[in-house]
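Asks:
Protein chains: 2
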Amino acid sequence: MDSVKVGLIGLGTIGVGVAEILLGKSDEIARKVGKRVELVKICDKDTTTDRGITLPSGMLTSDVTELFNDPEISIVIELIGGLEPARTFILRALESGKNVVTANKALIANCGAELFAKARECGRTIGFEASVCGGVPVLAALQTSLLANKIESIQAICNGTCNFVLSEMESKGAAYEDAVKEAQRLGFAEADPTLDVNGSDATQKLAILAHLAFGAQVDWKTIPRVGVDVVNAIDVRFAKVLGRKIRLVATARLTDDGLALKTSPTLVPEDSALAKVTSAFNAVQIVGDFVGPLFYQGWGAGRRPTASAVCSDVIDAALGRVRITFDSLRLWSPEREGVAIQDASKLSGRAYLRFVVEDRPGVMAEISSALGRRNISIAQMMQDSHDVSPNVSLIILTHEASSAALAAALDELRSAPFIHGETTLLDVVD
Amino acid sequence: MDSVKVGLIGLGTIGVGVAEILLGKSDEIARKVGKRVELVKICDKDTTTDRGITLPSGMLTSDVTELFNDPEISIVIELIGGLEPARTFILRALESGKNVVTANKALIANCGAELFAKARECGRTIGFEASVCGGVPVLAALQTSLLANKIESIQAICNGTCNFVLSEMESKGAAYEDAVKEAQRLGFAEADPTLDVNGSDATQKLAILAHLAFGAQVDWKTIPRVGVDVVNAIDVRFAKVLGRKIRLVATARLTDDGLALKTSPTLVPEDSALAKVTSAFNAVQIVGDFVGPLFYQGWGAGRRPTASAVCSDVIDAALGRVRITFDSLRLWSPEREGVAIQDASKLSGRAYLRFVVEDRPGVMAEISSALGRRNISIAQMMQDSHDVSPNVSLIILTHEASSAALAAALDELRSAPFIHGETTLLDVVD
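Those sequence lines, one after another, are chains A and B.
With the numbering used here applied, the first sequence covers -6 to 423.
With the numbering used here applied, the second sequence covers -6 to 423.
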């Protein structure tokens, strides 16, 4: 039976999961697909820590050049994460004639064009299913199963940490900080959760989804982004009163003005599919012109689900399917046509606003009037004195409104003497 | 640009959708995948009916040999459904050197081994994504994305007609017969819905899923099967009282005794993902040892979603991906290893029982004792006189019990003088 030899860079959490599959299931996979996928070398700078996995002697090295220089290795898996040295290692792997598989969304989102150009130059491929939504095969769907569709929109809950935090606030009434601590305690959040809770991670994944679904080549840093770190326990409580739940939703939506992109905590109807996504689950709703709405849910992170996605790419690369997909789609190439990105100032949608205001006559009138002057129409208004007495929390749900108009109204109101503290602005979808 | 020529047999509902995509999106698809997929010939015995689509002159023929004999056509799509002449046409297409794409689950479930053997003999391929769950790319997941997993279970709501009927009974309190009529009126059920409502269609799809996920080669007719035609409005009402909804679930579950297969109306918890699947939607929950639970939901039938799946297969065949998948998985071949099927008499699970009994002392004791003698333990018991007065409906939820024991108990009770009419037995999952 044919055999394909594989090298792995990075024996962290995901790396161990991948090694478990490739070492433990070698026979099972060979029987299933008629080809043997053999993990022959693992590189990690730490070669001594016990990771609870037994490796054949001589397999683990701290010298990455051993992988690049081994002519028998045809696939290199990069699982160290972050930009460097991951970027350099992938470039060197491609230059050494290896096909690459990676789970590194930050790297794909930041350096996709460079890496894919290098792969084409070297006649090699890059598989990256695990970079978005872990075990949920949503990139495969966009790259193969949905090709007959014009994709109309994508809504993704693609950061498990944030979803866990929001679920925790919802089910236990927890404060944001306590929910983050609980996520850290359970291993759902890193020691420094900044890139998760400020929405960067979800937005990088959104940029990748937007490229696959719409051909858009967008710098993720230019995508409007709000993280779960602005969500307060009171927002979760108010959302509930409004028959809604808050989810961090990364959205790409085709409009007459181009592709609208945004990541934001979003009030979704409590009986919607997105609202049912709890704990650290990920979910993606894709709407295509022929397939209609297609909904996926599964584990988006963690050792075993992410390893499942990495190894499916390894098998696909070994069998030659990645080659076909890579050549036909020409991802991140100048040839790949994409839709234009809608200017962020042109975004519009329903909004949830929360102000802490003085409890006196005239305040509501002034706020309504600041909104009304900018054509922002109010759908619902509520107030509550919990926690902020003698002030009150004032919640406003708007009808569809322009983001620019909302920003201008909030700018004006920020200097109003009757408003205290920060104003919260979240998205609302029906 | 390379071009691949396609012939289509069957211009019914799905055929029109496929023609819409291949004729209307030819440029869009070519730009996306770098290859042109050209529909050049359509065969239907009816060449005169206006189907609301404009075809290039000369494209429509009633002579199927025109497709087989056209050396330029490399892919033939079969969309006539049913066993014959679909089977003969596919065999002839393969013998004529064409790759085949089909949406025909009855044919794949009944003749998979024959068709795939012929394809291998002719060096050609068969794509059949659309045969299960229409637009939901669940076969692609099992054939590619989940290959690193040992699949542990599949639960599928894979018949839109049945799900619509159950949803209608649930939301409107409709009688079964009225729900079926409403489904027919809206085009969700055929004039003769027998194969849908008796569970045959779902069970054929289950046999296909079981082969892909577990390698099982099983005659679908041997799989225990109960259809929605046994469900009464009163069952839907009782399910609600029990915090459950009824869904037609096709299940494949790996047990120590082999693969347990069954199709049955099933009481699922009302907050479960399956319970949220309403209207004619399809859904599949796959559990893999690494990916964990993966949930899909989308339209499982209809012109546009099914055409989306058919055309993704056509594109995959044109690009050569189907070739790789086909060769590596060796589906329905003697070489493909599969798990053994659990003997149907060994199945076990929780059950919902409904009896119509005389309202007098001693009846409950006799029923409990008939169950108890066979080690069937009762979790819950309720009665209700609605509609069956002077008799009462007696509902029993059992704990996990052997199907054989249940069948024996019901056989005994059927002849009891205090039981009137048919006894209903549905599955229960937690």
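We put the CB at the ideal spot given by N, CA and C, even for glycine.
None of the values given here were measured: they were computed from a predicted structure.
#1: In whole angstroms, give me the CA-to-CA distance for residue 110 of chain A and residue 117 of chain B.
#2: Within the 8 Å Cβ cut-off, does residue 26 of chain A reach chain B?
#3: Identify the residues that DSSP records as bridge partners of residue 111 of chain A: which are they?
#4: To the nearest angstrom, how far is the alpha carbon of residue 123 of chain A from that of residue 97 of chain A?
#5: Please list the partners that residue 309 of chain A has in chain B, where partner means a Cβ-to-Cβ separation under 7 Å.
#6: With a cut-off of 8 Å on the beta carbons, I'd call residue 279 of chain A and residue 102 of chain A a contact; round off their distance for me.
#7: For chain B, check one thing: does any of its Cβ atoms lie closer than 8 Å to the Cβ of residue 301 of chain A?
#8: Give the residues of chain A in contact with residue 29 of chain B, contact being defined as C-beta atoms less than 9 Å apart.
#9: Can you find a CB in chain C that lies within less than 8 Å of the CB of residue 292 of chain A?
#10: Are the C-beta of residue 18 of chain A and some C-beta of chain B separated by less than 8 Å?
#11: In chain order, what residues of the segment 215 to 233 of chain A put their CB closer than 8 Å to some CB of chain B?
#12: Buried or exposed, going by whether 16 or more other CB atoms sit within 10 Å of the CB of residue 214 of chain A?
#13: Of the choices B/6, B/255 and B/-2, whose alpha-carbon is the least far from that of residue 19 of chain B?
#14: Going along chain B in order, which residues have a C-beta closer than 8 Å to the C-beta of residue 314 of chain A?
#15: Using a Cβ-Cβ distance cut-off of 8 Å, determine whether residue 181 of chain A contacts chain B.
#16: Rounded to the nearest angstrom, what separates residue 79 of chain A and residue 104 of chain A at their Cα positions?
#17: If you drop the 5 nearest sequence neighbours on each side, which residues of the same chain put their C-beta closer than 8 Å to that of residue 12 of chain B?
#18: Can you name the residues of chain A whose CB is closer than 7 Å to the CB of residue 304 of chain B?
#19: For a cutoff of 8 Å on Cβ pairs, would you count residue 23 of chain A as touching chain B?
#20: Candidates B/228, B/242 and B/234: which alpha carbon is nearest residue 194 of chain B's?
#21: Here's the rule I'm using: 16 or more other beta-carbon atoms within 10 Å means buried, otherwise exposed. How should residue 197 of chain B be labelled?
#22: For residue 14 of chain B and chain A, any beta-carbon pair shorter than 8 Å?
#23: Using a Cβ-Cβ distance under 8 Å, would residue 269 of chain B count as near chain A?
#24: Is DSSP giving residue 213 of chain A helix, strand or coil here?
#25: Looking at residue 14 of chain A and residue 121 of chain B, is the spacing between their C-beta atoms short of 8 Å?
#26: Along chain B, which residues have their Cβ under 9 Å away from the Cβ of residue 285 of chain A?
#27: Strictly below 7 Å CB to CB, what residues from chain A border residue 330 of chain B?
#28: Please confirm whether residue 343 of chain B and residue 393 of chain B have their CB atoms less than 8 Å apart.
#29: Along the chain, where does the beta strand (DSSP E) containing residue 285 of chain A start, and where does it finish?
#30: Using a 10 Å radius around the Cβ and a threshold of 16 neighbouring Cβ atoms, would you call residue 272 of chain A buried or exposed?
#31: Return the CA-CA distance between residue 254 of chain B and residue 144 of chain B, expressed in angstroms with no decimal places.
#32: Establish whether the CB of residue 281 of chain B and some CB of chain A are separated by less than 8 Å.
#33: Can you look up residue 104 of chain B in the DSSP assignment and give me helix, strand or coil?
#34: Say yes only if the C-beta of residue 116 of chain A is nearer than 7 Å to one or more non-hydrogen atoms of the ligand MN, and no if none qualify.
#35: Going along chain A, which residues have a C-beta under 7 Å from residue 323 of chain B?
#36: Which ranges does the beta strand (DSSP E) cover as unbroken runs of at least 3 residues, wholly within the segment 213 to 289 of chain B, from first to last along the chain?
Replies: Short version:
#1: Their backbone Cα atoms lie some 34 Å apart in a straight line.
#2: yes
#3: Residue 111 of chain A is not bridged to any residue.
#4: For residue 123 of chain A and residue 97 of chain A, the distance between alpha carbons rounds to 8 Å.
#5: 137
#6: That pair is no contact at about 19 Å.
#7: For residue 301 of chain A, the answer is yes, since a Cβ of chain B falls inside 8 Å of its Cβ.
#8: In chain order: nothing, as chain A lies at least about 12 Å away.
#9: Here the protein chains are A and B, and chain C is not one of them.
#10: yes
#11: Cβ contacts with chain B come from no residue of the segment 215 to 233 of chain A.
#12: exposed
#13: B/-2
#14: 137, 314, 317 and 318
#15: Not closer than 8 Å to any Cβ of chain B, the Cβ of residue 181 of chain A fails to qualify, so no.
#16: 11 Å
#17: 1, 4, 32, 35, 46 and 48
#18: 141
#19: no
#20: B/242
#21: buried
#22: Yes, because at least one Cβ of chain A sits closer than 8 Å to the Cβ of residue 14 of chain B.
#23: yes
#24: helix
#25: no
#26: Under a criterion of Cβ atoms nearer than 9 Å, the residues of chain B adjacent to residue 285 of chain A are, in order, 128, 291, 292, 295, 297, 298 and 301.
#27: 24
#28: yes
#29: 285 to 292
#30: exposed
#31: 14 Å
#32: yes
#33: helix
#34: This structure simply doesn't include the ligand MN, nor any ligand for that matter.
#35: Here the neighbours are 27.
#36: 237 to 248, 251 to 262 and 274 to 281
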